[in-house]
Amino acid sequence: MNSTLSNNPAVVIGIDLAKTHCDVVGYDKNQKIVLKLPRISKEKLLERLTNMPRATVLMEACGGSHSFIRKVKALGHDGRLVNPGDVKRIRCGHQKNNMLDAAYIAWAWYIPGISFVAPKTQAQQDLQSLQRIYQGYMKTRIEFGNRIHALLLEYGLSSPQTSRFIAEQLPEFIETHTKDLTPLAEEALLMLRDSWLEASEWEKKAGQKYDELVRANEDSKRLMTIPGIGPKCAGALLTHCGEASRFRDSRQFAASLGLVPRQNSTGDRDTLGHITKRGPKHPRSMLVQGASALMIMADRLEGALGEWVRKIKASGKKYGVKVCAIAAKLALFCDTKDPTRTVNKKPTSAVTKVSGIFG
Numbered sequence: 062m063n064s065t066l067s068n069n070p071a072v073v074i075g076i077d078l079a080k081t082h083c084d085v086v087g088y089d090k091n092q093k094i095v096l097k098l099p100r101i102s103k104e105k106l107l108e109r110l111t112n113m114p115r116a117t118v119l120m121e122a123c124g125g126s127h128s129f130i131r132k133v134k135a136l137g138h139d140g141r142l143v144n145p146g147d148v149k150r151i152r153c154g155h156q157k158n159n160m161l162d163a164a165y166i167a168w169a170w171y172i173p174g175i176s177f178v179a180p181k182t183q184a185q186q187d188l189q190s191l192q193r194i195y196q197g198y199m200k201t202r203i204e205f206g207n208r209i210h211a212l213l214l215e216y217g218l219s220s221p222q223t224s225r226f227i228a229e230q231l232p233e234f235i236e237t238h239t240k241d242l243t244p245l246a247e248e249a250l251l252m253l254r255d256s257w258l259e260a261s262e263w264e265k266k267a268g269q270k271y272d273e274l275v276r277a278n279e280d281s282k283r284l285m286t287i288p289g290i291g292p293k294c295a296g297a298l299l300t301h302c303g304e305a306s307r308f309r310d311s312r313q314f315a316a317s318l319g320l321v322p323r324q325n326s327t328g329d330r331d332t333l334g335h336i337t338k339r340g341p342k343h344p345r346s347m348l349v350q351g352a353s354a355l356m357i358m359a360d361r362l363e364g365a366l367g368e369w370v371r372k373i374k375a376s377g378k379k380y381g382v383k384v385c386a387i388a389a390k391l392a393l394f395c396d397t398k399d400p401t402r403t404v405n406k407k408p409t410s411a412v413t414k415v416s417g418i419f420g
């Protein structure tokens with residue numbers, strides 16, 4: 062059913078996406094609902110949008126939304142993605158159905174100060190897809206390894222929890238403990254080992270392909286000049302960053318990763334707590350891992366960064382606090398305001414080029 066409630070054109074359109082169809086609600090310039098399109102297919106909706114005046118089209122950031130918003134923007138409309146958490150807050154406990162969700166999504170445009178999710182490009186989606194494939198194989202390998210160790214423990218056998226043990230030493234370990242293992246258990250262990258080896262091989266191939274794709278990108282090359290950032294971390298940052306000009310400066314970029322303290326202010330007292338952990342988890346965890354590596358090699362770091370890391374390491378604070386502080390500092394090196402910012406004291410350092418990712 063297609064329903065146009067008024068002759069006034071819709072200037073703000075909210076779309077609630079589903080797998081095969083979507084629900085649409087449109088508001089005119091007077092903030093009155095003038096368009097309702099329940100359960101319309103995506104193809105017919107694109108045809109409808111082609112013949113409509115330019116409008117602001119909003120939809121919830123979800124699976125398939127990034128590719129669909131690109132098609133909407135190609136038609137000349139202003140496409141925006143709304144954070145699902147913001148839509149939930151707008152709903153505020155009211156009843157939930159598809160048409161109401163479309164109305165709530167459209168209403169997000171009228172809320173002052175609301176921020177929108179940056180649509181990903183095809184290159185970013187390719188990078189993200191490889192990233193998830195690699196992570197999936199890694200989790201599968203770890204799962205099979207845990208099953209092997211758990212099965213051995215069921216029969217009273219403890220084993221080294223290393224990849225080398227499963228890949229090279231497990232068959233010999235089984236032969237040595239044939240008295241403790243039944244034939245069925247031995248067969249199950251060898252089957253799990255074969256699955257572990259297969260997952261490990263696919264993980265290696267996916268990781269190599271992912272690294273090749275990252276190293277071929279000019280922005281990632283600049284990111285990898287920052288100490289503690291390798292191909293995996295650079296790829297995660299590129300996937301999250303999108304159009305870097307949307308960040309006011311590098312501090313806002315660090316805040317988008319959830320690496321700033323949570324504030325709890327009342328009266329004249331300001332309390333800073335744990336980091337907010339807002340935004341995507343993967344790039345934040347990659348920066349934290351890089352910060353942990355810098356903590357280990359603090360004595361070998363040179364320049365101003367080395368001095369600062371050693372000062373943080375000797376501060377006496379909890380390990381997690383120190384690591385998160387270093388991770389936030391790594392994010393701040395992508396400075397949009399000061400292109401002369403350097404990690405080392407030498408102004409000719411390769412790290413000075415990192416600011417170009419936000420240029």
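For what it's worth, my numbering labels the leading residue of the sequence shown as 62, then goes sequentially.
Every residue gets a Cβ at the ideal spot worked out from N, C-alpha and C, and that includes glycine.
- Neighbourhood of Ser261 by C-beta distance below 7 Å, restricted to the same chain and skipping five residues each side: Taken in chain order, the residues that qualify are Arg202.
- Message: Tell me the DSSP secondary structure of Met120 in three-state form.
- Response: Three-state result, Met120: strand.
- Task: Quick one: give me the first and last residue of the alpha helix (DSSP H) that Thr41 is part of.
- Result: Because the chain spans 62 through 420 in this model, residue 41 falls outside it and cannot be assessed.
- Task: Would you kindly report the start and end of the unbroken alpha helix (DSSP H) that includes Arg141?
- Result: Looking at the DSSP string, Arg141 is not in any alpha helix (DSSP H); the run it does join, the beta strand (DSSP E), is 139 to 143.
- Task: Could you work out which residue in Tyr195, Ala79, Lys132 is closest to Lys270 when comparing CA atoms only?
- Result: Among Tyr195, Ala79, Lys132, the Cα nearest to that of Lys270 is on Tyr195.
- Cα-Cα separation, Leu106 to Glu121: A straight line joining the alpha-carbon of Leu106 with that of Glu121 spans about 16 Å.
- Task: Answer yes if the region 232 to 245 comes into contact with the region 146 to 153, meaning at least three C-beta pairs across the two stretches below 8 Å, and no otherwise.
- Result: No contact exists between the region 146 to 153 and the region 232 to 245.
- Answer yes if the region 306 to 316 comes into contact with the region 363 to 370, meaning at least three C-beta pairs across the two stretches below 8 Å, and no otherwise. No: fewer than three Cβ pairs fall under 8 Å.
- Query: Looking at the unbroken alpha helix (DSSP H) that takes in Thr111, where does it start and where does it end?
  - Reply: Unbroken alpha helix (DSSP H) run through Thr111: 103 to 111.
- Cross-strand partners of Val178 (DSSP beta bridge): Within the DSSP secondary-structure output, Val178 pairs in a beta bridge with Leu142.
- Query: What's the call for Asp84, buried or exposed, on a 16-neighbour Cβ count within 10 Å?
  - Reply: Under this definition Asp84 is a buried residue.
- Whole alpha helix (DSSP H) runs in the region 323 to 361 with 4 or more residues, listed along the chain? Along the region 323 to 361, the alpha helix (DSSP H) occurs as fully enclosed runs of 4 or more residues at 342 to 357, listed in sequence order.
- Is the distance from the Cβ of Gly351 to the Cβ of Gly319 below 9 Å? The Cβ-Cβ distance between Gly351 and Gly319 does not fall below 9 Å.
- Cut-off 7 Å between Cβ atoms - residues of its own chain near Lys398, not counting five sequence neighbours on either side: Only weak support is given to the placement of Lys398: the predicted model assigns it a pLDDT of 43, under 50, and the value that follows is read from those uncertain coordinates. Excluding the 5 residues flanking it on each side, Lys398 has same chain C-beta neighbours closer than 7 Å at Asp310, in chain order.
- Query: Assuming Ser353 and Val384 make a contact with CB atoms under 8 Å, what is their CB distance in whole Å?
  - Reply: The Cβ separation is near 6 Å, so the contact holds.
- Query: Which residue from Lys134, Ile94, Ala79 puts its Cα closest to that of Asn159?
  - Reply: Comparing Cα positions, the closest option is Ala79.
- Residue from Ala359, Arg361, Glu108 with nearest C-alpha to Gly137: Measuring from the Cα of Gly137, the nearest candidate turns out to be Glu108.
- Message: Which same chain residues end up closer than 8 Å to Ala267 when comparing Cβ atoms and leaving out the 5 residues on each side of it in sequence?
- Response: Excluding its 5 nearest sequence neighbours in each direction, Ala267 has C-beta neighbours in its own chain below 8 Å: Leu191, Ile194, Tyr195, Tyr198, listed in chain order.
- Are the Cβ atoms of Leu250 and Leu213 separated by less than 9 Å? Yes. Within cutoff.
- Query: What's the C-alpha gap between Gly125 and Gly334?
  - Reply: If I take the Cα positions, the gap works out to 36 Å.
- Are the region 161 to 180 and the region 86 to 106 touching, with three or more C-beta to C-beta distances below 8 Å? Below 8 Å, enough C-beta pairs join the region 161 to 180 and the region 86 to 106 to call them touching: three or more.
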